[in-house]
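*Asks:* Got a structure for you, written out below as structure tokens; questions coming shortly.
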Amino acid sequence: MFERQNRRRRTALFGSLAAAVLLSGCMANPGDAPTVGEEEPRREDPVRSEESAKQIRVGVDAFGEGFNPHLIADASPVTDLVASLTLPSAFEPDPRDPERWRMSPDLLESAEIVPVDEPVPDEDAGAAGRGDGSGDGAAAEGSAPSIAAEAAEADATDARPGDTRIRYRIRPGAQWSDGTPISGSDFRYLHASLLANAGVVDASAYERIKAITVSSGGRQVDVLVSGPMPEWRTLFRHLLPSHLLRPSATPFVDILDGGLPASGGRYTAQSIDVGRGEVRLVRNDRFWGDVPAKTDTVIVRSVDGAVTGAEQLRAAQLQALRLRPQQTTALTYGLVPGAVELPATLPRQLTLHANVASPLLDDVSVRRAVFSAVDVRAVAAIATGRTDDLEIPAPPKLGSSRESADGGERRSLAGIVDGVTENDPLLIGVMGEDQQAVAAARAIADQLTAAGLPAKVTGAGDQELAGSLLPHGRVDMVVAWNDVADSPQRAASRWSCPYEKRASVKPSEEAASPSTETSARSGRPTSESSAPGSSAPRESGGDRDAGQGARGDRKPTPAASPDVARGSNLSGLCDPRIDAMLDEAVTRGGTGAATGARGLGATVAAPEGSVPAEIRDAIDAEAIELGIVVDRILTVMGPGVELPMAGGAAGNPAEWPAGPRIGPLMTLPDWRRVPSATASDGADPGDERGAGPGADEAGDGAGDGAGEGGAGDGGAEPRGGGGAGGGGTS
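Residues -28 to -1, 1 to 702, numbered by mature numbering (1 follows the signal peptide of the UniProt record, and there is no 0), are exactly what the sequence shown covers, in order.
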């Protein structure tokens, strides 16, 4: 496995230096001795006040190392926020009506469906435009294979009646933060990367692309798609800088761990420090759009509990928070004067997937019995830390074997699966390092064990799971955050046969060794204390296969070949009948339209109910997944920011535009700091995290408490020398 690239900083000595200067000044010109009981008034530092006015600080939950919005394992509200502020997309939520999507006016001049019989422009992007796409560069080390040969063989003239050709024209001046133009090469790189790598999000639409042709100096991109594609506006979200990522030897699945090398949005990532829980975004000075960011710096920092977050909100050390609420989170923040709470649900849910390639779970009756033993509401409460406001997905129709989810008596699983013992338990994997997903997996393992079916959570990493262990049946179930299958295209990504050219890797002996536990991402051995309840993936099916084969009532479920890695379809279901239904729904768009509206303001997702009921019934009948809880988010807005709008500033954040993924933070680049009567003159308590080794040389930048209360606007002023780095260490 590859090691992650972690950035470390040296400890700054500003505090010691400042103390020495202050001491020498006092010795040179000592003042009168203070009178007992008299307190020297604190003087506001105008420089720090000005710098504070140029910063927006957002509190979030703890986050992991991955920030790739195209990976299931990296899915989180923090990844959503960072990607939305830094990475360009072909289409985006319309600020005037976030329920509808528009062509991004910053990235594109136009995007339209053109006749497939139009002449295809000659390729003029050069060799760099014809991408291998994977960016892996290290296939010998076990990464996803390059698909350069497939890209080279793609025939843009192979257009047949009924196919779709999408033409994008990139806006002149659109560039990455290092000055490199955004081009068709970036479209190619994203397409090929999603085809080559395991554990990717919503790749089904990309799998239908026949060819991508680049012309006009890289500014015109023609995408030829097999058959109709009503949901074509969902393509090419969060483009990546191919000129930096393609030559890298780091695998695509690890390439955004700890940093984003270049930005095409209104902000660029100056630093990502996972150890300190801080992401520092600075205004992109090379942003070419009509409206650059009004605030110099956005600091996204993890907050240790609602009490700490509320105190920092009161002191204006945070201007907003966006986090998954626990039982008393809303109550705690609701007491902060001037705070506005905006709860919402995200189009994502925590799901337990059964691996149909496992010799233990290839029988639908066994899967139904296992699911029936899971108390979903209890698991959801343990994972989220709350018992209120739990939105539980509709359960699959498991028949009379399923008991209610209120904690009532459940069916015993003792002996239902031959060969499962305490020494050879059912194995449950977790995609990524998300704390809620890990907690859910452990709770499920405990419930199954209590029901008579020993189960443990394996410490295998997400790429090992999706690219090796799941396809080869070495892990039986997996817990992951998945986008809700609310449209035919997303349903196809979730339930259609895994893409046959996304190759799996045969599990290594080291991965199967009982003596080695692997961390969720790095593959390095971890101590038992860091992964309680973990178990290594089993080496082979062994006696289990024989035990299952002795059952006369066994009805194996159609599964993908072990040579095929998993994308969004983590269960590995591969049923031609279901595939045919999904293909029909995708080409119709769920609404009966063959090609979809050409208007650029049309909605991206199909309307509710667009996934035919017969598809959902067929999936329920196979019992391949069990929804645990719908992702819920709480945005808390402090009184220290306003949103300038036509006719004046909108003071009530409840009236601000709110996108489907990042809510009111979609307008964050337009926010403006305002004076806050509750601002504290003390240092930011969060700065204590940066006092030891590894602290930022320029100071935390989030501890500008001095003078916060009197901070003026300043957000739209040109950035000074310290704007990006924040104030000094207090």
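All C-beta atoms in this analysis are idealised placements derived from N, C-alpha and C, irrespective of residue type, glycine included.
(1) Taking the alpha-carbon of Ser384 as reference, which of Phe343, Pro616, Arg414 has the nearest alpha-carbon?
(2) Could you check what DSSP says for Glu286 in three-state terms: helix, strand or coil?
(3) For Val279, count the other beta carbons within 10 Å of its own beta carbon; 16 or more makes it buried, fewer makes it exposed. Which is it?
(4) Have a look at the DSSP bridge pairing and note the partners of Lys428.
(5) Which full runs of the beta strand (DSSP E) of 3+ residues lie inside the segment 136 to 194, going along the chain?
(6) Would you check if there are 3 or more beta carbon pairs closer than 8 Å linking the segment 325 to 334 to the segment 442 to 460?
(7) Let me know the secondary structure DSSP gives Glu12 once reduced to three states.
(8) Within the continuous beta strand (DSSP E) that includes Trp467, where are the two ends?
(9) What's the call for Pro548, buried or exposed, on a 16-neighbour Cβ count within 10 Å?
(10) Does the segment 531 to 546 come within contact of the segment 180 to 193, defined as at least 3 CB pairs closer than 8 Å?
(11) To the nearest angstrom, how far is the alpha carbon of Ala417 from that of Asp245?
(12) Count the other CB atoms, across all protein chains shown, that sit within 10 Å of the CB of Thr607; report buried if there are 16 or more and exposed otherwise.
(13) Could you tell me the boundaries of the alpha helix (DSSP H) in which Phe343 lies?
(14) For Arg255, name the three-state secondary structure that DSSP assigns.
(15) Near Ser274, which residues of its chain fall below 7 Å by C-beta distance, leaving aside the five closest residues on each side in sequence?
(16) Which runs of the alpha helix (DSSP H) at least 4 residues long sit entirely within the segment 200 to 259? Give them in chain order.
(17) Expressed to the nearest angstrom, what Euclidean distance is found between the alpha-carbon atoms of Ile271 and Lys26?
(18) Are there any heavy atoms of the ligand PLP lying less than 8 Å away from the beta-carbon of Cys546, as far as the coordinates show?
(19) Do residue 705 and Leu80 have their C-beta atoms closer together than 9 Å?
(20) Measuring straight from C-alpha to C-alpha, what distance separates Ala131 and Val536?
(21) Just the C-alpha distance for Ile550 and Lys369, rounded to the nearest angstrom, thanks.
(22) Name, in chain order, the residues that DSSP records as bridge partners for Glu614.
(23) What does DSSP give as the partner residue(s) for Leu43 in the beta ladder?
(24) How about Thr317 and Gly281: do their beta carbons lie closer than 9 Å?
(25) To the nearest angstrom, report how far apart Ala466 and Ala585 are at their CA atoms.
(26) Please determine, among Val172, Gly357, Leu232, Leu615, the residue with the shortest C-alpha to C-alpha distance to Trp148.
(27) Can you tell me which of the three DSSP states Ile587 falls into?
(28) Whose C-beta lies closer than 7 Å to the C-beta of Cys469 among residues of the same chain, with five residues either side of it excluded?
(29) For a test of the three-state rule: what should DSSP assign to residue 731, helix, strand or coil?
(30) From this set, Ala595, Leu324, Val336, Ser337, which residue's C-alpha is nearest Val351's C-alpha?
(31) Would you grab the beta carbon distance between Pro49 and Arg294 for me? Rounded to a whole angstrom, and I think it's under 8 Å.
(32) Under a three-way DSSP split, which group does Ala112 fall into?
(33) Taking only three categories from DSSP, how would you classify Ile550?
(34) In three-state DSSP terms, what is Gln27?
(35) Suppose contacts are defined by Cβ-Cβ distances below 9 Å. Is Val88 in contact with Pro133 by that definition?
(36) At what residues does the alpha helix (DSSP H) containing Ile354 begin and finish?
*Replies:* With the structure as the only source:
(1) When each option's Cα is compared against that of Ser384, the closest is Phe343.
(2) Reading off the sequence shown, one finds Arg at residue 286, where the question assumed Glu. Here Arg286 sits in helix by DSSP.
(3) Answer is exposed; the Cβ neighbour count stays below 16.
(4) Leu399
(5) Whole beta strand (DSSP E) segments, 3+ residues: 136 to 142, 181 to 187.
(6) yes
(7) With a pLDDT of 42 at Glu12, under the threshold of 50, the predicted position of this residue should be treated as unreliable, and no value is reported.
(8) Unbroken run through Trp467 is the alpha helix (DSSP H), 460 to 467; no beta strand (DSSP E).
(9) Pro548 counts as exposed, since fewer than 16 other C-beta atoms from the protein chains shown sit within 10 angstroms of its C-beta.
(10) no
(11) A straight line joining the alpha-carbon of Ala417 with that of Asp245 spans about 33 Å.
(12) Counting Cβ neighbours within 10 Å, Thr607 comes out buried, since at least 16 surround it.
(13) Looking at the DSSP string, the run of the alpha helix (DSSP H) that includes Phe343 is 336 to 344.
(14) For Arg255, the secondary structure class from DSSP, reduced to helix, strand or coil, is strand.
(15) Val32, Asp33, Ala34, Phe35, Gly249
(16) 214 to 217
(17) 11 Å
(18) The ligand PLP is not part of this structure, which contains no ligands at all.
(19) Here the chain has residues from -28 to 702 only, and residue 705 is not among them.
(20) Straight-line spacing of the CA atoms in Ala131 and Val536 works out to 27 Å.
(21) 17 Å
(22) Arg644
(23) Val172
(24) Result no, Cβ atoms of Thr317 and Gly281 do not sit closer than 9 Å.
(25) According to the sequence shown, residue 466 is Arg rather than Ala. When rounded, the distance between both Cα atoms is 16 Å.
(26) Leu232
(27) helix
(28) Ala532, Cys546, Asp551
(29) In the structure as shown, the chain begins at -28 and stops at 702. Residue 731 is therefore absent and cannot be evaluated.
(30) The residue with the shortest Cα to Cα distance from Val351 is Leu324.
(31) Yes, Pro49 and Arg294 are in contact; Cβ-Cβ is about 6 Å, under 8 Å.
(32) Model confidence at Ala112 stands at a pLDDT of 34, short of 50, so the residue's coordinates are unreliable; what they give is reported in the following sentence. Correct three-state label for Ala112: helix.
(33) Three-state DSSP puts Ile550 in a helix.
(34) DSSP places Gln27 in the strand class (E or B) of the three-state scheme.
(35) The answer is yes: Cβ separation under 9 Å.
(36) 348 to 356
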